[in-house]
Amino acid sequence: MAKEAESLLQQWPPRLSEEALAAAPKRLQELVIRLREEITQKSIPAEDVKSHNGGGTNFTELQDGSNGVVTKERRGGNQELSKTSTYPGLESRQSDLPHLLIVAPSGQRSDRDEQAVQQLVHAAQEWGLQAHWSFDIAAARQEIAINPPHVALLDLSGPDSTLAPNQGGRESHSVQETLNLLSELTRQHPPVPVLVFTAQGDVQLRLEVAKLGGKGFLQKPMPPGQVMEAVQQVVQRSVMSTKLSSSNQVKVMVVDDDPSLLAAMRSVLSPWGLSLITLSDPSRFWDTLLSTVPDLLILDVQMPEIDGISLCQVVRNDPRWSSLPVLFLTAHTAPDVVHQVFAAGADDYVSKPIVGPELVTRIFNRLERSLLMRSMAETDFLTGVANRRKSAQELNRFLQLAHAAQASGQTQPLCFALLDLDRFKDVNDKYGHATGDAVLRRLGKLLSASFRSEDVVARWGGEEFVVIMYGMSKLDASKRLMEVRQSFHDMEFVSDDNCKFHVTFSAGVAQYPDDGDDGRSLYLAADAALYQAKFASRTLAPR
1 MAKEAESLLQ
11 QWPPRLSEEA
21 LAAAPKRLQE
31 LVIRLREEIT
41 QKSIPAEDVK
51 SHNGGGTNFT
61 ELQDGSNGVV
71 TKERRGGNQE
81 LSKTSTYPGL
91 ESRQSDLPHL
101 LIVAPSGQRS
111 DRDEQAVQQL
121 VHAAQEWGLQ
131 AHWSFDIAAA
141 RQEIAINPPH
151 VALLDLSGPD
161 STLAPNQGGR
171 ESHSVQETLN
181 LLSELTRQHP
191 PVPVLVFTAQ
201 GDVQLRLEVA
211 KLGGKGFLQK
221 PMPPGQVMEA
231 VQQVVQRSVM
241 STKLSSSNQV
251 KVMVVDDDPS
261 LLAAMRSVLS
271 PWGLSLITLS
281 DPSRFWDTLL
291 STVPDLLILD
301 VQMPEIDGIS
311 LCQVVRNDPR
321 WSSLPVLFLT
331 AHTAPDVVHQ
341 VFAAGADDYV
351 SKPIVGPELV
361 TRIFNRLERS
371 LLMRSMAETD
381 FLTGVANRRK
391 SAQELNRFLQ
401 LAHAAQASGQ
411 TQPLCFALLD
421 LDRFKDVNDK
431 YGHATGDAVL
441 RRLGKLLSAS
451 FRSEDVVARW
461 GGEEFVVIMY
471 GMSKLDASKR
481 LMEVRQSFHD
491 MEFVSDDNCK
501 FHVTFSAGVA
511 QYPDDGDDGR
521 SLYLAADAAL
531 YQAKFASRTL
541 APR
């Protein structure tokens, strides 16, 4: 909001349409009011910080006014933790959350309408989305002109309506206006993914939404959390698609014995930002595959010495490459050849001669689906952070880097932090599992926003999270986690029955090589520190 208000002031008079220009002063006033309210809500009492020595090791005690928090850190002298310190960029990163616009046209807006939208807004926040809403199509267009959303949720009938689009003039007009907005959003550049939310489920309306480019059709009644789950899925697909189309890091490996075909492939695919790896000698296939690690593989069926079908079988026999998308480019379209291609594990085939648009479409479809499947296999869907499998792989990779650095005499610290929510079973029992899920999501979002992009944040199951920090000392990791813990403690959660509560977590930190030189020993050391932290006022304790 601050950036939006600043942009309006810097560009005044703004270069907007007449309708958006007329709305800009009002919008600026609304932003100032909302900013003032958020600043007031985020004001918290200052904490008292004091240090004291204990048993030769410096202990720092942070008192937050509700329960004692004890952080044990090995230090060489008296040091105070600043009561105002926060990780740089922590607050500003909240503006990086995906922007959701909810449009719910209503001729006669009621308290029930507003309550339904507020429930959606609350659910959006729990799913890590920044939600704005409008009950008017014209106002929504002005909002879009000033602050384009990442995703939109359009109510085709109004929160309370059960009328079909052809029943009642006002309702029919509202539905058509909303469909017009849907069309406008999907035709923007870049297009805005749109989901519709309606009480109607007839096939004609579904077809109309699909033809206009809608990405989701949600039928009422549906719980707000389930609605936002669908919205988040669309956001993730959109992000992947954007990365795919704008990145030149996507690597495609093409194996064919015909140099002229390889040159043609380069001329067709390179303009799309794809990094092309061409190979005319199949005998060098495996070494090239391992050294380049492509995102997609294109093979020819018939080649001298080693044919493409055999190469595909070799790829599929190795677990590491079992999910690599494989396309065949061949002039042989006989049923028996096609059968062999798919039996070997191919995902698709394209007939020669090359038709550029068809080939590009098939490649991007396969890449997008592959990235989606990879994300599903590596991501904890509830929280959006890495899952245990992915983080274990990353931990092994960091350990290899640390081993190599140590061998060369350049030791790099590697910290493994284990976090566990305090009394989380009580949260589930008292407020319900849906509220508990919201707590887990908020923590996942906070951890992701609080650490460096090269750090790994993961959920290992239940209420247990890990953070892997390469090149960071135990002391710095502990400070960082203390700041995150305080930010999390300051968050206010609200249950479905409007009960407000706060949650804390405890954490243990272990460092390579002092506490262990492999994943298991680091986990055990961090777990022992976590147990100590749970015992000592449920806070953070380095091993």
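All letters in the sequence shown, in the order written, are residues 1 to 543 by the UniProt record's numbering. Where is the CB? At the ideal position from N, CA and C, for every residue including glycine. Here the structure is a predicted model, which is why all the values come from computation and not from measurement.
Whole-angstrom distance between residue j and residue i, CA atom to CA atom
i      : j      : result
Tyr531 : Gly508 : 8 Å
Glu126 : Arg442 : 6 Å
Lys534 : Ser506 : 6 Å
Asp136 : Gln176 : 13 Å
Arg266 : Val254 : 9 Å
Ser391 : Gly384 : 13 Å
Met491 : Arg452 : 21 Å
Phe328 : Leu297 : 8 Å
Ser310 : Thr330 : 15 Å
Asp422 : Thr504 : 6 Å
Cys499 : Gly461 : 26 Å
Gln115 : Pro105 : 14 Å
His122 : Lys474 : 37 Å
Ser51  : Asp497 : The predicted model places Ser51 with a pLDDT of 31, which falls under 50 and marks its position as unreliable, so this point remains unresolved.
Leu207 : Ser174 : 18 Å
Gly409 : Leu524 : 26 Å
Gly471 : Pro190 : 38 Å
Leu299 : Leu440 : 44 Å
Asn180 : Asp347 : 38 Å
Pro282 : Gln412 : 40 Å
Gly436 : Lys445 : 14 Å
Phe285 : Arg362 : 23 Å
Ala139 : Asn147 : 12 Å
Ala405 : Ala434 : 45 Å
Leu205 : Ser238 : 23 Å
Val268 : Gly345 : 25 Å
Leu274 : Ile468 : 31 Å
Gln393 : Ser448 : 18 Å
Own chain residues within Cβ distance below 6 Å of residue i, not counting five before or after
i      : result
Val196 : Leu154, Leu156, Val209, Gly214 and Phe217
Leu414 : Phe398, Ala402, Tyr470 and Tyr512
Ser370 : Pro325
Met228 : Ala123, Ala124 and Trp127
Own chain partners of residue i with C-beta closer than 7 Å, once the 5 adjacent residues on each side are dropped
i           : result
Ser270      : Leu276
residue 592 : Only positions 1 to 543 of the chain appear in the structure, and residue 592 is not among them; the question remains open.
Glu143      : Leu101, His132 and Ser134
Gly54       : Its pLDDT being 30, under 50, Gly54 is placed unreliably by the model, and the measurement read from it follows with that caveat. Excluding sequence neighbours, Gly54 sits near nothing in its chain.
Pro304      : Asp257
Where residue i sits in the DSSP three-state scheme
i      : result
Ser280 : coil
Arg459 : strand
Gly519 : helix
Ser506 : strand
Phe381 : coil
Leu101 : strand
Ala386 : strand
Glu464 : strand
Met472 : coil
Gln493 : According to the sequence shown, residue 493 is Phe rather than Gln. Strand at Phe493.
Phe501 : strand
Ala525 : helix
Integer-rounded CB distance, given that residue j should sit under 8 Å from residue i
i           : j      : result
residue 597 : Asp295 : Lying outside 1 to 543, the shown extent of the chain, residue 597 is not represented and no answer is given.
Ala526      : Leu418 : 4 Å
Val192      : Thr198 : Val192 to Thr198, Cβ: 18 Å. No contact.
Pro224      : Leu120 : 5 Å
Residue i beta carbon near the ligand SAM (any heavy atom closer than 8 Å)
i      : result
Ser270 : As for the ligand SAM, it is missing from this structure, which has no ligand bound.
Own chain partners of residue i with C-beta closer than 8 Å, once the 5 adjacent residues on each side are dropped
i      : result
Val337 : Val301 and Thr330
Asp515 : Ser521, Leu522, Ala525, Ala526 and Arg543
Give, in chain order, every unbroken run of the alpha helix (DSSP H) that is at least 4 residues long and sits entirely within the segment 406-435.
Within the segment 406-435, the alpha helix (DSSP H) runs of at least 4 residues that lie entirely inside it are, in chain order, 424-431.
Report the residue ranges of all alpha helix (DSSP H) runs contained in full by the UniProt domain "Response regulatory" (251-367); include only those spanning at least 4 residues, in chain order.
The qualifying runs are 259-269, 285-292, 308-317 and 335-343.
Taking only runs that begin and end inside the UniProt domain "Response regulatory" (106-235), name each unbroken beta strand (DSSP E) of 3 or more residues, in chain order.
With a minimum length of 3 residues, the continuous beta strand (DSSP E) runs that stay inside the UniProt domain "Response regulatory" (106-235) are 130-134, 151-155, 194-198 and 216-219.
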